[in-house]
Amino acid sequence: MTPPRTHDSRLARNLFVIYLIAYTSFILISALAPSWMETRVTASLNLAVVYGVGLIVAAFVLAMLYGLRASDASQP
Amino acid sequence: MIYQASPLAVTIFAMVVGLTLGLSFWLGRKARGASGYFAAHGQIPWWVNGVAFAGDYLSAASFLGICGMIAFYGYDGFLYSIGYLAGWIVALFLIAEPIKKLGRFTFADALNAGFQSRGIQVAAGVSTLIVSLLYLIPQMVGAGALVQPLLGLQHWHGVVLVGTVVMVIVITAGMVSTTYVQFLKGALLVVFSLILTLLVLRGGLTVQQGGIDGYRFEDIGPIPSKNDLIVGQTLQTPAGARLIQPLAAGWDATQYVKLARSAIATANGTDAASNDTSKIFRIESDAQGQTLLREVQWFDRLADGTRLVNGQPQGTGPGQGDLHPVGYVESLADGKTQTGPLGPIGYLGEIQTSKLALWREQKLATPNGQGTTTTIYYRQSVAGDRVLRPGEHPMFSGLRSGAWTAKLEFLSLMLALFAGTASLPHILIRYYTVKDAAGARKSTIVGIGCIGFFYILTLYLGLGGMTSGALDPTDTNMAAPLLARSLSPILFAIVSAIAFTTVLGTVSGLILAAAGAVAHDLIGGAIDARQENDSLSEQSKIRIAKIASVIVGILAMGLGVLFAKLNVTYLVGWAFSVAASANLPALVMLIYWPGTTKAGVIAAVWIGMLSALAWILLSADTYSKVYGLPPESALVPFSQPGLVTIPLGFLVLWTVSRITRPQKPAT
Chain A
46 MTPPRTHDSR LARNLFVIYL IAYTSFILIS ALAPSWMETR VTASLNLAVV YGVGLIVAAF
106 VLAMLYGLRA SDASQP
Chain B
110 MIYQASPLAV TIFAMVVGLT LGLSFWLGRK ARGASGYFAA HGQIPWWVNG VAFAGDYLSA
170 ASFLGICGMI AFYGYDGFLY SIGYLAGWIV ALFLIAEPIK KLGRFTFADA LNAGFQSRGI
230 QVAAGVSTLI VSLLYLIPQM VGAGALVQPL LGLQHWHGVV LVGTVVMVIV ITAGMVSTTY
290 VQFLKGALLV VFSLILTLLV LRGGLTVQQG GIDGYRFEDI GPIPSKNDLI VGQTLQTPAG
350 ARLIQPLAAG WDATQYVKLA RSAIATANGT DAASNDTSKI FRIESDAQGQ TLLREVQWFD
410 RLADGTRLVN GQPQGTGPGQ GDLHPVGYVE SLADGKTQTG PLGPIGYLGE IQTSKLALWR
470 EQKLATPNGQ GTTTTIYYRQ SVAGDRVLRP GEHPMFSGLR SGAWTAKLEF LSLMLALFAG
530 TASLPHILIR YYTVKDAAGA RKSTIVGIGC IGFFYILTLY LGLGGMTSGA LDPTDTNMAA
590 PLLARSLSPI LFAIVSAIAF TTVLGTVSGL ILAAAGAVAH DLIGGAIDAR QENDSLSEQS
650 KIRIAKIASV IVGILAMGLG VLFAKLNVTY LVGWAFSVAA SANLPALVML IYWPGTTKAG
710 VIAAVWIGML SALAWILLSA DTYSKVYGLP PESALVPFSQ PGLVTIPLGF LVLWTVSRIT
770 RPQKPAT
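Next up, the structure:
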């Protein structure tokens, strides 16, 4: 059943763990230290906005990274 | 609020819906056989499939529910956007390629690939059916919410309209047409959300004292003392001396005061104004401890069904009244009255330093008089930096109170969103419409791009709604269409039509997933099992799927009417929790743990599904919103099951697999 442990699936799992850590930190900060979310990161934006939008952007960046690497790997 | 249809809106609506459907049928006309019907022959190009993912996934809940929640409560709605998108990371990195390699039509195929077990087929089929039905309810509720302002119809008309159109799509065409409906709708939704966002940014922020109907809500004060508010006496206001009138039964006289709408003619003549209509004010204390009176709106529903708004019959004629639209900026930083066009970062910065009028509702605790129910809508001035942080919505306010159940509730919801996406059957079947694993991977990446971009836009659409002056205080789901209406009536018609095709796209995907489960997994599997050599022919499998679509469609319509009043985002939470608890443990373990056994998969799916359902049915949310029972009497400590039932699914699978593992290692 287990797919062969190729470069692809190792990369996929590493990227997954990176995102999992980022997401888990986000929800733990929101739940346990919500006041941190009000910290201004830039002159006008707080951590909640920057981290939240950042998670969405990061998902796309990791996905693209994976897509490019995976298609490189499948080239003969 | 009362909505009136405009002929222009109806025409544009009909054109967009007709065009989408016509094009989809034209593109999907070549589907043949079961593989065409259920999986579009596996021939959908990956980029089409990627946009169709967006069309499938960005449901009415995303568009209407999240925008509405942000418009009324700010950042809390965006938490859903973040969670919904994060779920795609699970889909891309863990599920997409393996599931494509394992299955053919349904995700039960994938679970069953190594086992050929009837039990797995039934468990996965039932879980598909239940999750799809749960997810269908909010789509139907959203459809009903949409047609009210657009076509001036009743809620149930929209539900029946969507149900009927979708059944036609699914019966006549199957997966190819469904895919193209979703492709077009996904593309239109992202493009028009972008246009709306650009218009919101161009418009900037403007200070207002009321909504776009021009009505100005009255503030009185500071007044000397609360104790001066005695019924029958007068209160000096800027508009003159006003008679203090008695409140109806059920109103709390320490919180509200009722004043005559206009000043009395002379200081000592009290009879002249006694028949006048009234305003009710909420008594508030400001930061300096002074007492202020702020005008509220209220809505009475009498026992005989009569609706009164602010004491007058609801209507648009003389002597009638309707709720005033709400949602506006009360003040901006540095005393500005308007900002002019803003950039995406500047917009958020201005919101952060502004003060916003948000409207909250309060239902009177005891139905007063002869079965009258009253809902009060009152203003709250909220600082912008409170709007852009988690914890403003009642559901999330516990984050700041320190109650551990509220924190667990939040973690549980965010876990369910993260784990639920890759467990939704109507998303999983889309992996069978592309050619190979690379197609599955590429289309997921395109999907993440479209969906992520859209979710960033929801922040601006929601905040745009919050400051548009166009919100309906009774209905959070209407924020995005009403924002569009405040910008342009044509845009309103287009956005509503897109939202409607949004519902069509998602509902067709769901019904197809449910019908596939019935035809392929439940009935097809049963017949295959009984008659070894005479498996169900492709044609009769399709026929069963079509009959199942009609039954599921009718069921969904009924439930859509029944649950009309619930916020669609809340309902979607249920579907994600059940999907994640039932399906994710089985999928992930099957792919990544060689020790997984047949019995382990079956047990995990059943126990995950039933425990999540039971938890939801016994939760405080369901007690108060569905059964009408006091939420304190609920049997589980918090309402979202995911935190408990998802790990439970993994634990059950691991334990049962350990017990039932064959003595000889399987090869």
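Note that the protein sequences, when read in sequence, are chains A and B. Under our numbering, the first residue of the first sequence is numbered 46, with each subsequent residue one higher. Under our numbering, the first residue of the second sequence is numbered 110, with each subsequent residue one higher. The C-beta atom is built at its ideal place from N, Cα and C for all residues, glycine as well. Being a predicted model, the structure only gives us computed values, none of them experimental.
Original post:
If we ignore side chains and look at the alpha-carbon of each, how far apart do residue 128 (chain B) and residue 560 (chain B) end up?
Top reply: So the two alpha carbons sit approximately 23 Å from each other.
**OP:** State whether the stretch 654–670 of chain B contacts the stretch 237–253 of chain B, with contact taken as three or more CB pairs (one from each stretch) at a distance under 8 Å.
**Re:** Yes, the stretch 654–670 of chain B is in contact with the stretch 237–253 of chain B.
Original post:
Should residue 232 (chain B) and residue 711 (chain B) be called a contact, given that it needs their Cβ atoms to be closer than 8 Å?
Top reply: Cβ distance < 8 Å, so residue 232 (chain B) and residue 711 (chain B) count as in contact.
**OP:** Assign residue 378 (chain B) to one of two classes, buried (16 or more other C-beta atoms within 10 Å of its C-beta) or exposed (fewer than that).
**Re:** Its pLDDT being 45, under 50, residue 378 (chain B) is placed unreliably by the model, and the measurement read from it follows with that caveat. Classification of residue 378 (chain B): exposed, given that the 10 Å Cβ count is below 16.
Original post:
Which bits of chain A does residue 516 (chain B) rub up against, with CB to CB less than 8 Å?
Top reply: Within 8 Å Cβ-Cβ: 76, 77.
Original post:
Using a C-beta to C-beta distance shorter than 8 Å, which residues of chain A count as neighbours of residue 494 (chain B)?
Top reply: Under the 8 Å cutoff, chain A gives 83, 91.
Original post:
Can you tell me whether DSSP reads residue 746 (chain B) as helix, strand or coil?
Top reply: Residue state, collapsed to three classes: coil.
Original post:
Residues of chain B with a CB under 7 Å from the CB of residue 94 (chain A): which are they?
Top reply: Neighbours of residue 94 (chain A) on chain B, chain order: 457, 497.
Subject >> Strand pairing of residue 472 (chain B), partner residues [DSSP] >> reply: B:484, per the DSSP bridge assignment.
Original post:
CB residue 216 (chain B) to CB residue 537 (chain B), shorter than 8 Å?
Top reply: Closer than 8 Å, so yes.
**OP:** Rank B:307, B:524, B:424, B:511 by C-alpha distance to the C-alpha of residue 71 (chain A) and give the top, closest one.
**Re:** Ranking B:307, B:524, B:424, B:511 by Cα distance to residue 71 (chain A) puts B:524 first.
Original post:
Looking only at its own chain, which residues have a Cβ that is under 6 Å from the Cβ of residue 375 (chain B), when we skip the five neighbours before and after it?
Top reply: Because the pLDDT of residue 375 (chain B) is 47, which lies under 50, any placement of that residue in the model is unreliable, and the question is left without a value.
Original post:
Cβ of residue 365 (chain B) less than 8 Å from any chain E Cβ?
Top reply: Structure shown: chain E not included; protein chains present are A and B.
Original post:
Given that a residue counts as buried once 16 or more other Cβ atoms are within 10 Å of its Cβ, and exposed if not, what is residue 103 (chain A)?
Top reply: Answer is buried; the Cβ neighbour count reaches 16.
**OP:** Could you round the C-beta distance between residue 583 (chain B) and residue 110 (chain B) to whole angstroms and report it? I think they count as a contact, below 8 Å.
**Re:** At roughly 7 Å, the Cβ-Cβ gap stays under 8 Å, so residue 583 (chain B) and residue 110 (chain B) are in contact.
Original post:
Taking DSSP as the reference, what is the three-state secondary structure of residue 447 (chain B)?
Top reply: Assigned with DSSP and collapsed to three states, residue 447 (chain B) falls in strand.
Original post:
Cα-Cα, which of B:333, B:361, B:147, B:604 is closest to residue 259 (chain B)?
Top reply: Checked all of B:333, B:361, B:147, B:604; the closest Cα to residue 259 (chain B) is B:604.
**OP:** Return the CA-CA distance between residue 368 (chain B) and residue 578 (chain B), expressed in angstroms with no decimal places.
**Re:** Computed Cα separation, rounded: 25 Å.
Original post:
So what's residue 411 (chain B) in DSSP terms, helix, strand or just coil?
Top reply: Residue state, collapsed to three classes: coil.
Original post:
What is the rounded straight-line gap between the Cα of residue 61 (chain A) and the Cα of residue 201 (chain B)?
Top reply: Near 9 Å, if we compare the C-alpha coordinates of residue 201 (chain B) and residue 61 (chain A).
**OP:** Quick one: using the 10 Å Cβ neighbour count with 16 as the cut-off for buried, is residue 690 (chain B) buried or exposed?
**Re:** The residue in question, residue 690 (chain B), is buried, as its Cβ has 16 or more Cβ neighbours within 10 Å.
Subject >> Closest residue to residue 630 (chain B) among B:276, B:182, B:657, B:130 (Cα-Cα distance) >> reply: Minimum Cα-Cα distance from residue 630 (chain B) among the listed residues B:276, B:182, B:657, B:130 corresponds to B:657.
Subject >> Selected residue, minimal CA-CA separation from residue 190 (chain B), among B:563, B:601, B:687 >> reply: Taking only the C-alpha atoms, the option nearest residue 190 (chain B) is B:563.
Original post:
Taking DSSP as the reference, what is the three-state secondary structure of residue 439 (chain B)?
Top reply: Residue 439 (chain B): strand per DSSP, three-state reduction.
**OP:** Assign residue 324 (chain B) to one of three DSSP states: helix, strand, or coil.
**Re:** Shown here, residue 324 (chain B) sits in coil according to DSSP, grouped into three states, outside any helix or strand.
**OP:** Output, in chain order, the set of chain B residues within a Cβ distance shorter than 8 Å of residue 98 (chain A).
**Re:** Residues of chain B with a Cβ closer than 8 Å to the Cβ of residue 98 (chain A) are, in chain order, 565, 568.
Original post:
With 16 other CB atoms within 10 Å as the buried threshold, where does residue 115 (chain A) fall?
Top reply: With 16 or more neighbouring CB atoms inside 10 Å of its own CB, residue 115 (chain A) falls in the buried class.
Original post:
So residue 85 (chain A) is in the alpha helix (DSSP H); what residue range does that whole segment cover?
Top reply: Element bounds for residue 85 (chain A): n/a, residue is neither H nor E.
**OP:** Output, in chain order, the set of chain A residues within a Cβ distance shorter than 7 Å of residue 523 (chain B).
**Re:** Think of a sphere of 7 Å around the beta carbon of residue 523 (chain B): the chain A residues whose beta carbon falls inside it are 72, in chain order.
**OP:** Say whether chain B places a C-beta atom closer than 8 Å to the C-beta of residue 58 (chain A).
**Re:** Yes - at least one Cβ of chain B is within 8 Å of the one on residue 58 (chain A).
Original post:
How should residue 424 (chain B) be labelled, buried or exposed, when 16 other C-beta atoms within 10 angstroms of its C-beta is the threshold for buried?
Top reply: Residue 424 (chain B) should be labelled exposed.
**OP:** Look at the alpha carbon of residue 724 (chain B) and the alpha carbon of residue 687 (chain B), and state the distance between them as a whole number of angstroms.
**Re:** Distance from the CA atom of residue 724 (chain B) to the CA atom of residue 687 (chain B), rounded to whole angstroms, is 10 Å.
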